[in-house]
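Residue numbers (the numbering used here), protein chains in the order written: chain A, 557 to 848; chain B, 46 to 336. From the three backbone atoms N, C-alpha and C, an ideal C-beta is built for every residue, glycine too. Here the structure is a predicted model, which is why all the values come from computation and not from measurement. One structure below.
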Amino acid sequence: MPETVLAGRAAIPAAAGARERSSKAPLVAALLGFAVLFLVPCLGVLYTSLKSDADIAANGLWAPSGNLTLDNYLQAFTVGSTGRYLLNSVLVTVPATAISVALGTLAGYTIAVLRPRGGELIGFFLLAGLFVPPQILLIPLFQGFNATGLYDTLWPMIIVHSGYGISLCTLVMRNFFRSLPMELRAAGLVDGASEPRILASIVLPMTRPALAALATLQFTFIWNDFLYPLVFTRSDTMRTVMVGILQQQGQFSVAYGVQAAMAVLASLPTVAIFIAFQKHFIAGLTAGAVKG
Amino acid sequence: MTIRRTWWAWGFLAAPLLAYGITVVWPALYSFAHGFTDWHAVGGGDFVGLDQFRRMAADPSFLRALRNTLIWTVAAVVVPTTVGLALALALNRITRFAKLIKSFFFLPLALSLVVVGQIWFWIYRPEDGLLNIVLNALGLGSWGHAWLSDPNTALWAVMVAWGWQQVTLAMVIFLAGLTGVSRDLTEAAQVDGAGAWQRLRAVVLPALRPSFVVVTSLSLINALKSFDIVYVMTGGGPFRQTETLAVLAYRVSFKTYDFGYGSAVSIVLFVVSIVIIGLFFAWNSWRDRHA
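What follows is the structure in structure tokens.
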């Protein structure tokens with residue numbers, strides 16, 4: 557997008573451009589200041605994670621400190637089972653992301669492209685899940701997982717996210733497939749390729765950008781989930797990271813620095829993925845603006 | 046050919062429908078049925094008709110949770126659409142540092158509400174929280190407060206923490222929408238002598254209608270579901286003042302194992318959600334026809 561702005565302004569005489577630029581300087585400064593202010597909570601937790609207990613006890617949580625240390629991060633792993641929680645979160649998030657995106661792709665493709673009779677209705681039915689509050693699902697699922705012996709394992713979270721995520725994934729993929737030109741599919745049909753083959757070898761390669769964006773989103777949602785592991789697990793070894801770090805702090809009076817280190821560790825995967833994805837995001841916006 | 050295609054279409058739909066049926070449709074129907082029983086965790090529970098709903102009408106916890114959810118919903122419509130839009134419009138005007146500033150604003154979106162709640166819990170700490178420190182430094186020490194344990198401020202304090210993240214989401218969506226606003230159109234309006242405010246009202250805002258719909262529906266959905274941030278920051282306290290319907294449904298179901306009442310509360314939450322979102326969509330299509 558910046559490129560288009562520059563290109564659009566090129567026609568304006570240089571003097572006007574300079575005037576425009578200097579008139580925007582206060583706005584840039586204000587936004588920059590506000591953005592930094594907006595980040596203070598994040599920076600605060602990061603900073604606290606590097607301060608020693610003695611320091612925090614003497615000067616308070618938000619006071620500046622001279623000597624910083626990585627001790628809290630070591631302690632996060634030795635005091636609590638942070639390593640175990642992180643592993644559990646990976647074991648839940650990766651399969652649940654893959655399954656929900658795959659199922660949403662199948663449904664979105666069928667509804668948008670194959671369009672069987674009643675397909676639109678099925679689409680509405682699947683999208684309705686977006687408006688179903690998770691609370692209404694908890695008691696029956698809790699009973700069901702108890703009856704099947706899956707309670708207090710990682711399976712409930714994998715299963716529920718795989719199913720509950722279908723609504724969003726179907727919505728995103730349906731909209732994406734509607735915007736795709738389907739002439740290539742017609743070529744496959746003429747060649748006599750079967751429907752699964754057309755989907756796998758012609759359609760899927762075109763969906764990579766949408767799949768990447770959707771998978772990022774689902775990964776973030778599932779990783780950050782708190783409610784399902786809170787209800788469907790009980791033992792410390794089955795906790796995913798968000799519930800794990802919170803319970804740890806409740807049970808043992810964990811030092812603030814260690815709490816902050818745990819919060820940072822729990823956030824690292826989604827922040828890392830988000831930063832990587834943001835480039836795609838902005839590149840997509842820029843490409844769209846230039847094309848338009 | 047078409048028969049084979051239909052056959053495959055249903056084949057493709059089988060797995061998503063099955064998974065959705067098991068994890069969403071069956072549990073929702075099951076809860077609907079059990080909101081009319083006096084089911085506790087042990088034993089089956091008997092059909093009691095509308096008793097659980099009558100109980101709600103006389104339950105101050107429920108009425109407060111309903112009120113809090115509605116307050117939250119109103120804030121969720123107003124704040125992201127105004128603050129988020131203002132930020133997006135401002136960011137859309139600048140080029141220098143735009144990328145850096147945007148990535149600063151985007152970062153909170155990656156955080157879980159558990160972490161957001163924990164950070165803001167520290168900001169609100171009465172003795173050494175950042176907010177009271179800043180107030181002191183500004184000479185407003187008398188405004189200092191135990192933000193989360195005062196029943197008058199607790200709900201608002203939690204909503205501010207939630208809004209911190211929600212505003213960013215709105216901003217991202219508005220920014221994406223703004224790239225679709227034709228530059229030619231705004232420049233033509235400028236040549237015609239339209240001022241900044243007129244351009245905004247006549248050209249930019251109408252073009253942003255789809256983004257408004259997306260932002261508002263997302264905020265509504267998120268507001269109605271709000272659970273994590275309350276649970277982490279206040280646990281619903283002080284004196285249950287910050288409980289939402291989602292928190293109440295959880296507490297009744299899994300702290301007191303009153304499954305019948307818990308199901309009934311979650312039914313109300315579901316119905317409230319459908320009514321609010323339905324009203325919004327109805328209003329939206331009415332506006333489309335009368336634009």
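### Query
Taking contact to mean at least 3 C-beta pairs separated by less than 8 Å, is the region 720-737 of chain A in contact with the region 752-772 of chain A?
yes
### Task
For A/GLN834, return the contacting residues in chain B, with the cut-off set at a CB-CB distance below 7 Å.
Residues of chain B with a Cβ closer than 7 Å to the Cβ of A/GLN834 are, in chain order, SER148, PHE151.
#### Entry: According to DSSP, residues forming a beta bridge with B/THR82
B/PHE92
### Message
So, does the region 142-158 of chain B touch the region 822-835 of chain A, judging by three or more C-beta pairs under 8 Å?
### Response
yes
### Span of the alpha helix (DSSP H), counted from its first residue to its last, around A/LEU694
Its alpha helix (DSSP H) spans residues 691-703.
### Task
Below 8 Å on the Cβ atoms is my guess for B/ALA133 versus B/PHE219; work out the distance and round it to an integer in Å.
4 Å
### Query
Is the CB of B/LEU324 under 8 Å away from at least one CB in chain A?
no
### Task
Could you pull out every residue in the same chain whose Cβ sits closer than 6 Å to the Cβ of A/ALA839, ignoring the five residues on either side in sequence?
Low confidence applies to A/ALA839: its pLDDT is 41, below 50, so where it sits in the model is not reliable, and the reading given next is rough at best. Correct list: empty, nothing qualifies.
### Task
Using the Cα positions of A/PRO558 and A/LYS580, report the straight-line distance between them to the nearest angstrom.
Low per-residue confidence applies at A/PRO558: pLDDT is 40, beneath 50, and the placement is therefore not dependable enough to give any value.
### Query
Closer than 8 Å, CB to CB, is A/GLU676 near chain B or not?
Cβ-Cβ to chain B under 8 Å: no for A/GLU676.
### Task
Could you tell me which chain B residues have their CB closer than 9 Å to the CB of A/GLY663, listed as they occur along the chain?
Residue identity differs from the one stated: residue 663 of chain A is Ala in this sequence, not Gly. Under the 9 Å cutoff, chain B gives PHE57, LEU58, ALA60, PRO61, LEU62, TYR65.
#### Entry: Under 7 Å (Cβ pairs) to chain A, residues found in the region 269-280 of chain B
LEU269, LYS270, PHE272, ASP273, VAL277
### Task
Would you identify the three-state DSSP class for A/ASN615, choosing helix, strand or coil?
helix
### Message
Mapping the DSSP letters down to three states, classify A/ILE722 as helix, strand or coil.
### Response
helix
### Message
Can you tell me whether B/THR301 is buried or exposed? The criterion is at least 16 other CB atoms within 10 Å of its CB, across all chains shown.
### Response
exposed
### Task
Verify the CB distance criterion: does B/ILE218 have a CB-CB separation below 8 Å to chain A?
no
### Task
Count the other CB atoms, across all protein chains shown, that sit within 10 Å of the CB of B/ALA309; report buried if there are 16 or more and exposed otherwise.
So B/ALA309 counts as buried.
#### Entry: Three-state class that DSSP yields for A/GLU739 in the structure shown
helix
### Message
Let's see if you can read the secondary structure: which residues bound the alpha helix (DSSP H) around B/LYS270?
### Response
Premise fails: B/LYS270 is in no alpha helix (DSSP H) and is neither H nor E.
### Message
Counting only Cβ-Cβ distances shorter than 8 Å, please list the residues of the region 708-729 of chain A near chain B, keeping chain order.
### Response
ILE715, VAL716, SER718, GLY719, TYR720, ILE722, SER723, THR726
### Query
Between the C-alpha atoms of A/ALA566 and A/TYR603, what's the straight-line distance to the nearest angstrom?
For A/ALA566, the pLDDT reaches just 41, beneath the cut-off of 50, and the residue's location in the model is therefore unreliable, leaving the point undetermined.
### Query
Can you list the residues of chain B that A/LEU659 reaches, using a CB-CB cut of under 7 Å?
ALA60, PRO61, ALA64
### Query
Is it right to say B/GLU288 is buried, meaning 16 or more other beta carbons lie within 10 angstroms of its own, or is it exposed?
buried
#### Entry: Segment contact flag, the region 281-297 of chain B with the region 108-116 of chain B, C-beta cutoff 8 Å, min 3 pairs
yes
### Assigned exposure category for B/SER187 - 16 Cβ within 10 Å defines buried
Exposed.
### Query
Any Cβ of chain B within less than 8 Å of the Cβ of A/MET738?
no
### Burial state of A/ARG741 (16 or more Cβ within 10 Å)
When all chains shown are included, A/ARG741 counts as buried.
### Task
Drop a sphere of 10 angstroms on the beta-carbon of A/VAL787, count the other beta-carbons inside from all chains shown, and report buried for 16 or more, exposed for fewer.
buried
### Task
Give the range of the alpha helix (DSSP H) segment to which B/GLN243 is assigned.
241-244
### Message
Taking only three categories from DSSP, how would you classify B/VAL226?
### Response
coil
#### Entry: chain B contact residues for A/ILE758, given Cβ-Cβ distances below 8 Å
Per Cβ cutoff of 8 Å: no residues; A/ILE758 is ~14 Å from chain B at best.
### Task
Please decide whether A/PHE830 counts as near chain B, where near means a Cβ-Cβ distance under 8 Å.
yes
### Query
CB B/ILE274 to CB A/ALA591, shorter than 8 Å?
no
### Task
Evaluate A/ALA743 with the Cβ neighbour count: other Cβ atoms within 10 Å of its Cβ, from every protein chain shown; 16 or more gives buried, anything less gives exposed.
exposed
### Task
Decide if B/GLN243 is buried, meaning its Cβ has at least 16 other Cβ atoms within 10 Å, or exposed.
Looking at its Cβ environment, which holds fewer than 16 other Cβ atoms inside 10 Å, B/GLN243 is exposed.
### chain D contacts from the region 587-604 of chain A (Cβ-Cβ distance under 9 Å)
Given the protein chain composition of this structure (A and B), no chain D is represented.
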